[in-house]
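Shown next, in structure tokens, is the structure this report addresses.
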Amino acid sequence: FQMYIRIPLKARPDRKGIIVTYITLLIYLFSTVLVFCEGQTSKSVRMISLKDMSSPSTVFTAYASMSASIVLFKTMFNQLVPHQVQRYILSTIRYYFKARSSVLTLIIEEKNGMTPNLVYNASETYLCTKISPDAERLRISQSPKEKNLTIRFGDCEKIIDSFEGIELRWRFVHEESQTSKNDGDGTNIHSWKPDKRYFELSFHKEHKAKVVESYLPFVMNRAKAIRDEKKVVKLHTLAHPPSYSGSCIWDSLNLEHPSTFDTLALDPDLKKAIIDDLDRFLERKEFYRRVGKAWKRGYLLYGPPGTGKSSLIAAMANYLKFDLYDLQLADLRRDSDLRKLLLGTANRSILVIEDVDCTVDLPDRQIKLCGDGNGHGRNKRDVQLTLSGLLNFIDGLWSSCGDERIIIFTTNHREKLDPALLRPGRMDMHIHLSYCSTHAVKQLVSNYLGICGHWLFGQIEDLIVTTKVTPAEVAEQLMKSNDADISLDGLVHFLKRKRIESHETKSEEIDEIEIQEAKRLKTEETGNKINVNGKLLE
Numbered sequence: 001f002q003m004y005i006r007i008p009l010k011a012r013p014d015r016k017g018i019i020v021t022y023i024t025l026l027i028y029l030f031s032t033v034l035v036f037c038e039g040q041t042s043k044s045v046r047m048i049s050l051k052d053m054s055s056p057s058t059v060f061t062a063y064a065s066m067s068a069s070i071v072l073f074k075t076m077f078n079q080l081v082p083h084q085v086q087r088y089i090l091s092t093i094r095y096y097f098k099a100r101s102s103v104l105t106l107i108i109e110e111k112n113g114m115t116p117n118l119v120y121n122a123s124e125t126y127l128c129t130k131i132s133p134d135a136e137r138l139r140i141s142q143s144p145k146e147k148n149l150t151i152r153f154g155d156c157e158k159i160i161d162s163f164e165g166i167e168l169r170w171r172f173v174h175e176e177s178q179t180s181k182n183d184g185d186g187t188n189i190h191s192w193k194p195d196k197r198y199f200e201l202s203f204h205k206e207h208k209a210k211v212v213e214s215y216l217p218f219v220m221n222r223a224k225a226i227r228d229e230k231k232v233v234k235l236h237t238l239a240h241p242p243s244y245s246g247s248c249i250w251d252s253l254n255l256e257h258p259s260t261f262d263t264l265a266l267d268p269d270l271k272k273a274i275i276d277d278l279d280r281f282l283e284r285k286e287f288y289r290r291v292g293k294a295w296k297r298g299y300l301l302y303g304p305p306g307t308g309k310s311s312l313i314a315a316m317a318n319y320l321k322f323d324l325y326d327l328q329l330a331d332l333r334r335d336s337d338l339r340k341l342l343l344g345t346a347n348r349s350i351l352v353i354e355d356v357d358c359t360v361d362l363p364d365r366q367i368k369l370c371g372d373g374n375g376h377g378r379n380k381r382d383v384q385l386t387l388s389g390l391l392n393f394i395d396g397l398w399s400s401c402g403d404e405r406i407i408i409f410t411t412n413h414r415e416k417l418d419p420a421l422l423r424p425g426r427m428d429m430h431i432h433l434s435y436c437s438t439h440a441v442k443q444l445v446s447n448y449l450g451i452c453g454h455w456l457f458g459q460i461e462d463l464i465v466t467t468k469v470t471p472a473e474v475a476e477q478l479m480k481s482n483d484a485d486i487s488l489d490g491l492v493h494f495l496k497r498k499r500i501e502s503h504e505t506k507s508e509e510i511d512e513i514e515i516q517e518a519k520r521l522k523t524e525e526t527g528n529k530i531n532v533n534g535k536l537l538e
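If you count the sequence shown from 1, position 128 lands on 128 in full-length UniProt numbering, and the numbers rise without skipping.
Here you go:
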């Protein structure tokens, strides 16, 4: 072996051949030792047979001979056989002679790459109904808007379940995030390991097929039934800005917005059109698959501030029982962050980007640099978020990573949006939310005062037709008193004042237009005078 390590690398024989050679040598040495031991043993037996079989000296002589042979063999083995070969031989022996376990363990991780693991989510929902009074470690939480406590597993908590006579053992494991620093070569290298959560499912190996093909689908279906029974619409927002080292994490709370289609102050025909479109979208899964389109829908809500865009979004979420994801583009820096966010959203969800006209800079198709709230803008070199990335996020290849998704844009100024955002296939339905109509006022009066008729309604209807007022302004007047007469009388005075202000504004605009027109005519008259040889000609 010492001669072998001195041979240049290119001239050395194959490692496998060296191992075979040493094993052959080992067998030869072992055979030699056996022959030697056999001779010593035969001699001892003859000595015992010739003398006294029970003599202690005879037994000691045989034992000493065997011990010397074993020590000789062990010494030769340690000195002649390299340690690498020794470890290989011992590991091979342990592999073939170790006791085989009859237990199979499945690892169910929280994440499947960048996407959520549906099996993990279903397992967590299902096992929360199986927590026994003997549990030793549980996590209990309650957000400010939640009515009930949320109970989840503590680290290493175990649960025993049974299915068709099979005993199944569940174990929850949570590995917390770790940050390491390495200065070995003179440079600072920081590495970050995110949180890791997973379940361990253990059972007898002979039940593998039944567990995979029957038990896990049963858990998935049972979890879906539990979620449908206790469905609570969630409002998700970014827990922290995305970073290179970690994935984007959504934080959520219960959406307790009371808005419904029954309480929305919308035109009846528009309300029916929206509901029919939502129902048709839910029923056309096979249609979208057949025509080769992603199962998603885009809505653009536009109109003056205070016309009920946010209330309509909440009503859609409550009607569909879809979770809401509120996306603030100012929190993102790169197009890749959009992809991470899309992969982090669940199916049957609504993604909302509000006031998109204030976020997207149309001329150069770059996302505007937004301040951090303290008057400081972000460095332009750090921002690589583009409108093309947003468009690809809406209906590009990445938009197909999920089903039953709705994307909603809101804006106060539709005319400022890039035509690329408005084309069919991106925003499928444009919903104009304008000023209050007669029906909208009656709906608001019914919601706030609980009445369906009043002697002031005729006067209010006449004023509404000629006055531009938003539902938010009407609601503000109706909330000033619980008495219907006082509230409606205040609304009448408000509408009259609003109409007078509107007429005054129009008069000022007309006067301004007339002044500008007079200036324009005067400029044109002056321009028509031509100076020829020092004379002005008209």
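C-beta: ideal position from N, C-alpha, C; glycine also.
Because the structure is a prediction, the values reported are computed rather than measured.
Residue from the options whose Cα sits closest to the Cα of residue i
| i | options | result |
| --- | --- | --- |
| D357 | I274, Y198, T410 and S101 | T410 |
| E164 | T470, M66, K130 and Y215 | Y215 |
| Y448 | I70, L478 and I274 | L478 |
| E157 | I151, E167, L138 and L332 | L138 |
| T105 | S202, L488 and E283 | S202 |
| S437 | C128, R499, P268 and R171 | P268 |
| D418 | L300, S311, D326 and R334 | L300 |
| L172 | E124, I140 and H83 | Looking at the sequence itself, residue 172 is Phe, so the reference to Leu does not match. It is E124 whose Cα lies nearest to the Cα of F172. |
| I140 | G154, N121, K208 and A484 | G154 |
| L456 | A484, E213 and R333 | A484 |
| K210 | E229, A225 and E167 | E167 |
| A315 | D262, A273, R280 and R100 | D262 |
| D326 | P133, S310, N78 and P424 | S310 |
| L342 | L80, E476 and M114 | M114 |
| V204 | S101, A68 and G490 | It is His, not Val, that sits at residue 204 in the sequence shown. Taking only the C-alpha atoms, the option nearest H204 is S101. |
| K468 | I486, R497 and G450 | R497 |
| P471 | H454, T345, L312 and D331 | L312 |
Under 9 Å between C-beta atoms of residue i and residue j
| i | j | result |
| --- | --- | --- |
| F322 | I353 | no |
| L329 | L390 | yes |
| L278 | Y319 | yes |
| L238 | L253 | no |
| I131 | I151 | yes |
| E461 | G306 | no |
| K285 | D161 | no |
| K443 | A265 | For the sequence presented, residue 443 should be read as Gln rather than Lys. Yes, Cβ-Cβ distance for Q443 and A265 is below 9 Å. |
| L463 | L488 | no |
| Y126 | V219 | yes |
| S502 | P304 | no |
| N347 | A223 | no |
Neighbourhood of residue i by C-beta, 7 Å cutoff - its chain only, sequence neighbours within 5 removed
| i | result |
| --- | --- |
| R365 | Note that R365 scores a pLDDT of 45, beneath 50, so its modelled location is shaky and nothing firm can be said. |
| G298 | I394, I407, R426, M427 and D428 |
| K111 | N117 |
| V441 | I460, I464 and V474 |
| R227 | T125 |
| H439 | D267 and P268 |
| L90 | none |
Cutoff 6 Å; reference residue i; Cβ partners in own chain excluding five residues on either side
| i | result |
| --- | --- |
| K196 | E175 |
| K416 | D357 |
| Y288 | W295 |
| R46 | Confidence is the limiting factor: at R46 the pLDDT is only 47, short of 50, which leaves the residue's position unreliable, though a coordinate-based value still follows. Result list for R46: empty, nothing under 6 Å. |
| S400 | A294 |
| H413 | D357 |
| R169 | I160 and S202 |
| M53 | For M53, the predicted structure reports a pLDDT of 48, less than 50, and the residue's modelled location is therefore unreliable. A value from the coordinates is still provided. Excluding sequence neighbours, M53 sits near nothing in its chain. |
| V119 | I108 |
Close-in-space but distant-in-sequence residues of the same chain around residue i (CB under 8 Å, 5 per side omitted)
| i | result |
| --- | --- |
| G375 | With a pLDDT of 43 at G375, under the threshold of 50, the modelled position of that residue is not reliable, and no figure is offered here. |
| A317 | V233, L255, H257, D323, L324 and I350 |
| V492 | L456, Q459, I460 and L463 |
| S49 | Note that S49 has pLDDT 48, beneath the 50 cutoff, so the model's placement of it is unreliable and no number is given. |
In DSSP terms, what residue i is bridged to
| i | result |
| --- | --- |
| P116 | K111 |
| G298 | I407 |
| K196 | E175 |
| H413 | In DSSP, H413 forms no bridge with anything. |
| N254 | K234 |
| T150 | S141 |
| R169 | I160 and S202 |
| S349 | D323 and R405 |
| L104 | F203 |
Endpoints, the beta strand (DSSP E) within which residue i is located
| i | result |
| --- | --- |
| I431 | M429 to H432 |
| L324 | D323 to D326 |
| D161 | K158 to F163 |
| S132 | Premise fails: S132 is in no beta strand (DSSP E) and is neither H nor E. |
Endpoints, alpha helix (DSSP H) assigned at residue i
| i | result |
| --- | --- |
| V445 | T438 to L449 |
Cutoff 9 Å: residue i Cβ touching any chain B Cβ
| i | result |
| --- | --- |
| Y288 | As a matter of chain content, chain B is missing from the structure shown, which is built from one protein chain. |
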